[in-house]
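Notes follow once the structure below has been shown.
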Amino acid sequence: LKYDKKTGGRNCHKGHILALAISAQDRFLVSGGQDAVIRVWNFVSLDLVKELTGHKNAITGLTFRLGTQQLFSCSRDRSVKAWDLDQMGYVDTMFGHVDAVMGIDILGRERVLTCGAQDRSVRIWKVAEESQLVFN
């Protein structure tokens with residue numbers, strides 16, 4: 017994502033971009049970084065569509081549920097958040113890690129998330145049941 021001379025770069029992240037993901041049917045590109053903001057871009061035009069806020073620290077990972085516009089983010093603030101890009105809004109926050117969450121992925125079409133953190137744990141979240149397994 018490039019500096020925009022017309023806008024003075026106001027659509028750009030402040031600091032480093034740490035995570036990128038592309039949604040189903042190449043509809044959206046999302047970016048997250050040190051400024052704790054998720055920016056949603058039109059994948060074709062690269063126009064900024066929305067800024068999603070809620071994390072308190074750098075966003076370290078982004079992933080989409082396969083075939084959907086359901087986005088999950090992880091952050092140095094120790095949380096994992098769910099977002100619905102069809103509605104362009106926040107859905108839920110999942111807590112459990114006691115240190116920065118550094119990586120996130122989702123298993124296929126299932127609503128099962130895997131997260132790894134600096135607390136040396138891996139968590140497998142069953143999103144629908146709001147339950148988790150912890151591996152230390």
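The numbering used here numbers the first residue of the sequence shown as 17 and each following residue consecutively.
A virtual CB, placed ideally from N, CA and C, is assigned to each residue, including glycine.
As the structure is a prediction and not an experimental result, all values here were calculated from the model.
- The beta carbon of D102 sits closer than 6 Å to the beta carbons of Q85 from its chain, once the five residues preceding and following it are set aside; these are given in chain order.
- The alpha-carbon separation between R55 and G48 amounts to approximately 6 Å.
- Judged by DSSP secondary structure, A37 falls within the beta strand (DSSP E) whose first and last residues are I33 to I38.
- Here the stretch 109-121 makes no contact with the stretch 57-64; the two share fewer than three CB pairs at distances below 8 Å.
- For T76 against S91, the beta-carbon gap comes to about 6 Å, under 8 Å, which counts as contact.
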